[in-house]
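Working notes, beginning with the structure itself.
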Amino acid sequence: MKTSVTNMKKSCGNLFAAITALAVLAWGIGCGQSREEQATAPPPAQQEAEKVRPRKLESARVTENTRQTYQWYCAQCHGAEGKGDGVNAKFLTVPPRDHTKVAYLETRTDAQLFDAIKFGGLAVGRAPCMPAWGHTLDDDAIRSLVQYIRELCQCEAL
Amino acid sequence: MKTSTFFILIGFLLLAPSSSTAEILRDKDCGSCHRLSVAETEKNFAAPDLHFAGDKFQPAWLKQFLKNPAVIRPAVTVIDTPPRPPVTVADANTAVVTAAGFLRERSGNSPPHPSFSEQDASALADGLMGLKISAPPRESTVAAPLSKRQRAKIKYKFERTFSCISCHQSLNLAGKVRGGISGPSLVNAGNRLRADWIVSWLKTPEAYAAKSRMPRYEMDSVTRNQFSQFLMTLKKENVK
Numbered sequence: 001m002k003t004s005v006t007n008m009k010k011s012c013g014n015l016f017a018a019i020t021a022l023a024v025l026a027w028g029i030g031c032g033q034s035r036e037e038q039a040t041a042p043p044p045a046q047q048e049a050e051k052v053r054p055r056k057l058e059s060a061r062v063t064e065n066t067r068q069t070y071q072w073y074c075a076q077c078h079g080a081e082g083k084g085d086g087v088n089a090k091f092l093t094v095p096p097r098d099h100t101k102v103a104y105l106e107t108r109t110d111a112q113l114f115d116a117i118k119f120g121g122l123a124v125g126r127a128p129c130m131p132a133w134g135h136t137l138d139d140d141a142i143r144s145l146v147q148y149i150r151e152l153c154q155c156e157a158l
Numbered sequence: 159m160k161t162s163t164f165f166i167l168i169g170f171l172l173l174a175p176s177s178s179t180a181e182i183l184r185d186k187d188c189g190s191c192h193r194l195s196v197a198e199t200e201k202n203f204a205a206p207d208l209h210f211a212g213d214k215f216q217p218a219w220l221k222q223f224l225k226n227p228a229v230i231r232p233a234v235t236v237i238d239t240p241p242r243p244p245v246t247v248a249d250a251n252t253a254v255v256t257a258a259g260f261l262r263e264r265s266g267n268s269p270p271h272p273s274f275s276e277q278d279a280s281a282l283a284d285g286l287m288g289l290k291i292s293a294p295p296r297e298s299t300v301a302a303p304l305s306k307r308q309r310a311k312i313k314y315k316f317e318r319t320f321s322c323i324s325c326h327q328s329l330n331l332a333g334k335v336r337g338g339i340s341g342p343s344l345v346n347a348g349n350r351l352r353a354d355w356i357v358s359w360l361k362t363p364e365a366y367a368a369k370s371r372m373p374r375y376e377m378d379s380v381t382r383n384q385f386s387q388f389l390m391t392l393k394k395e396n397v398k
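Chains as they are written, first to last, in my numbering: chain L, 1 to 158; chain G, 159 to 398.
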């Protein structure tokens, strides 16, 4: 377990999504705990997530509403400017993604970002600290948030 | 405010809760920060809604809180629509309070919550317990306590499957406070909240908050009840 956490830590910011996915799945702890506590982790529960299939996302527009939605829901972790520094940030084991970071966001497709928002971090091989918003926001709203994140990073998927 | 609504409101205030317990809430000016009736929809309140206090809280906790207020929302994100006075019950020294008013860049330099003598606290708590809304029908709460295995499973869901801990403080196995601060702390949920209200909140949050920062969840009634049972085991006397 100790090693998988180390992997997790290292792989968080790099391209090897698959490794991260494995590490996250192997890593049985919650979001608010410190690293030392993970030995007490209970067994993995079954996931409600859907499989992430490669596909193209319909494009969407960013409106004032999109920005407000981001401020209202996402800023509590990702920060008002998307820099990953919201109020919850320092209490999470895995930091909220910095939505202005080009190097990382270029490696994610719009569909991947969509799925992360809709189904939550766990469902896409990312940390469970990222909640699922699929019952709060409809698909249009989520698509426009993906576009908004593209605005924040000023980047496209490569 | 439209005049008609104004009169309805006045009418409501004059007619509805006529007991002395409701008066005391008004006397003490609780309504300047808290919503005390469903009818008050015009104003943006600086503090959490209390118009369903009788549905939500345990009376002993209310009384204790009014005698000796303690921080519940470390980041005070209750209602974030300006203008909003910078209020928190926090003693400004608590480390997390620096996060207060996070979206408005406000620091935790606010006046303390009003506190009361034993007698006044009792009267106020009674008054608050009388504030109820016609809430959606309650689900029957499971009576049997969680087995060790069930507790481990629901704790796992709290921390991973549903990311609850990302926004709420709770206790880990070692009795240490862990978790995010954008939602109310749940460290003392077992003394503070009513089990059936927690279930109702998870099922129909819109009955209590027109818009909340908490995600909506779709979960079955068993899971809802287990979350409630799990939260009821969190008590501040278990903090180590």
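Glycine included, each C-beta is placed from N, C-alpha and C at the ideal position.
Might you give, ordered along the chain, the residues of its own chain that have their beta carbon closer than 7 Å to the beta carbon of residue i, omitting 5 neighbours on each side?
i                     : result
residue 359 (chain G) : 366
residue 114 (chain L) : 57, 142, 143, 146
residue 274 (chain G) : 224, 225, 282
residue 350 (chain G) : 215, 216, 219
Using a Cβ-Cβ cutoff of less than 6 Å, which residues in the same chain neighbour residue i once the five nearest sequence positions on both sides are dropped?
i                     : result
residue 377 (chain G) : none
residue 60 (chain L)  : 143, 144, 147
residue 304 (chain G) : 387
residue 370 (chain G) : 363
Figure out for me which residue from the options has the closest Cα to the Cα of residue i.
i                     : options                    : result
residue 308 (chain G) : G:357, G:382, G:289, G:340 : G:382
residue 79 (chain L)  : L:137, L:152, L:103        : L:152
residue 218 (chain G) : G:352, G:370, G:191        : G:352
residue 100 (chain G) : G:312, G:195, G:211, G:193 : With chain G running from 159 to 398 in the structure shown, residue 100 (chain G) is simply not present.
residue 212 (chain G) : G:189, G:282, G:318        : G:282
residue 129 (chain L) : G:285, G:294, G:322        : G:322
residue 294 (chain G) : G:221, G:210, G:197        : G:210
residue 88 (chain L)  : G:333, G:343, G:397        : G:343
residue 333 (chain G) : G:192, G:198, G:205, G:395 : G:395
residue 192 (chain G) : G:224, G:205, G:223, G:280 : G:205
residue 223 (chain G) : G:280, G:203, G:190, G:201 : G:280
residue 188 (chain G) : G:203, G:196, G:397, G:199 : G:203
residue 338 (chain G) : L:62, L:139, L:76, L:64    : L:76
residue 346 (chain G) : G:197, G:190, G:397        : G:397
residue 429 (chain G) : G:199, G:200, G:197, G:207 : Because chain G spans 159 through 398 in this model, residue 429 (chain G) falls outside it and cannot be assessed.
residue 278 (chain G) : G:314, G:221, G:302        : G:221
residue 284 (chain G) : G:190, G:216, G:196, G:198 : G:216
residue 318 (chain G) : L:62, L:70, L:92           : L:92
residue 314 (chain G) : G:385, G:200, G:201        : G:385
If we define contact as Cβ-Cβ less than 8 Å, is residue i a contact residue for chain L?
i                     : result
residue 294 (chain G) : no
residue 106 (chain G) : For chain G, the structure presents residues 159 to 398; residue 106 (chain G) sits outside this window and is missing.
residue 348 (chain G) : no
residue 366 (chain G) : no
residue 319 (chain G) : yes
residue 374 (chain G) : yes
residue 324 (chain G) : yes
residue 339 (chain G) : yes
residue 371 (chain G) : yes
residue 382 (chain G) : no
residue 233 (chain G) : yes
residue 336 (chain G) : yes
Strictly under 8 Å for the Cβ-Cβ distance: is residue i near chain G by that measure?
i                     : result
residue 131 (chain L) : yes
residue 135 (chain L) : yes
residue 37 (chain L)  : Low per-residue confidence applies at residue 37 (chain L): pLDDT is 43, beneath 50, and the placement is therefore not dependable, though the value from the model is reported in the following sentence. Residue 37 (chain L) counts as touching chain G.
residue 32 (chain L)  : yes
residue 62 (chain L)  : no
residue 114 (chain L) : no
residue 19 (chain L)  : For residue 19 (chain L), the predicted model reports a pLDDT of 37, less than 50, meaning its position is unreliable; a value from the coordinates is still stated below. By this cut-off, residue 19 (chain L) is not an interface position.
residue 152 (chain L) : no
Assuming residue i contacts residue j under a Cβ cut-off of 8 Å, what Cβ separation, rounded to an integer in Å, is found between them?
i                     : j                     : result
residue 111 (chain L) : residue 55 (chain L)  : 5 Å
residue 328 (chain G) : residue 316 (chain G) : 7 Å
residue 324 (chain G) : residue 74 (chain L)  : With 8 Å as the limit, residue 324 (chain G) and residue 74 (chain L) do not qualify as a contact, their Cβ atoms being about 12 Å apart.
residue 372 (chain G) : residue 341 (chain G) : 6 Å
residue 116 (chain L) : residue 94 (chain L)  : Actually they do not touch by this definition, with Cβ atoms about 13 Å apart.
Grab me the residues of residue i's own chain with a C-beta within less than 8 Å of its C-beta, minus the 5 sequence neighbours each way, in chain order.
i                     : result
residue 297 (chain G) : 354, 357, 358, 361, 379, 382, 383
residue 374 (chain G) : 363
residue 67 (chain L)  : 148
residue 251 (chain G) : The predicted model places residue 251 (chain G) with a pLDDT of 28, which falls under 50 and marks its position as unreliable; any figure quoted below should be read in that light. Cβ neighbours of residue 251 (chain G) beyond the five flanking positions: none.
residue 348 (chain G) : 389, 390, 391, 392, 393
residue 336 (chain G) : 323, 327, 328, 329, 330
residue 150 (chain L) : 105, 110, 156
Using 8 Å as the cut-off, can you tell me whether the region 121-128 of chain L makes contact with the region 347-363 of chain G, which would need three or more C-beta pairs spanning the two stretches below that distance? By the Cβ rule, the region 121-128 of chain L does not count as touching the region 347-363 of chain G, because fewer than three pairs are nearer than 8 Å.
Is it true that the region 183-190 of chain G meets the region 86-101 of chain L, where meeting means three or more beta-carbon pairs spaced less than 8 Å apart? Using a Cβ-Cβ distance cut-off of 8 Å, the region 183-190 of chain G and the region 86-101 of chain L are not in contact, since fewer than three pairs of beta carbons, one from each stretch, lie closer than that value.
Could you tell me whether the region 289-296 of chain G touches the region 224-235 of chain G, where touching means 3 or more Cβ pairs closer than 8 Å? In short, these stretches do not touch, since the Cβ pair count stays below three.
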